[in-house]
Amino acid sequence: MSRKNAFYAQSGGVTAVINASACGVIETAREYPDRIANVYAGRNGII
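Quick note, in my numbering, the sequence shown goes up one by one and the last residue is 58.
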């Protein structure tokens with residue numbers, strides 16, 4: 012199976028909930044290195 016990239020984008024200021032969501036995306040990607048090659052994130056969120 013080919014590895015795909017993941018993209019994470021969020022809107023709003025930094026909060027504990029947003030940090031936890033980002034952490035969940037990264038941790039999940041690390042659990043599946045055979046499926047997810049890279050995790051990219053929007054620098055300034057959703058524009």
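We treat Cβ as the ideally placed atom computed from N, Cα and C, and that holds for glycine. Since the structure is predicted, the reported quantities are computational estimates derived from the model, not experimental observations.
Proximity to residue i [Cα-Cα], best of the options
i, options, result
"residue 34", "12, 54, 19", "19"
"residue 49", "26, 40, 56, 57", "40"
"residue 57", "15, 16, 23, 17", "23"
"residue 54", "14, 25, 45", "25"
"residue 21", "32, 43, 38", "32"
"residue 12", "52, 44, 51", "44"
Supposed close pair residue i, residue j - CB separation, criterion 8 Å
i, j, result
"residue 14", "residue 37", "With 8 Å as the limit, residue 14 and residue 37 do not qualify as a contact, their Cβ atoms being about 16 Å apart."
Any non-hydrogen atom of the ligand ZN within 7 Å of residue i CB
i, result
"residue 48", "This structure lacks the ligand ZN; in fact it carries no ligand of any kind."
Paired residues, beta bridge with residue i - DSSP
i, result
"residue 29", "Bridge partners of residue 29: none, in fact."
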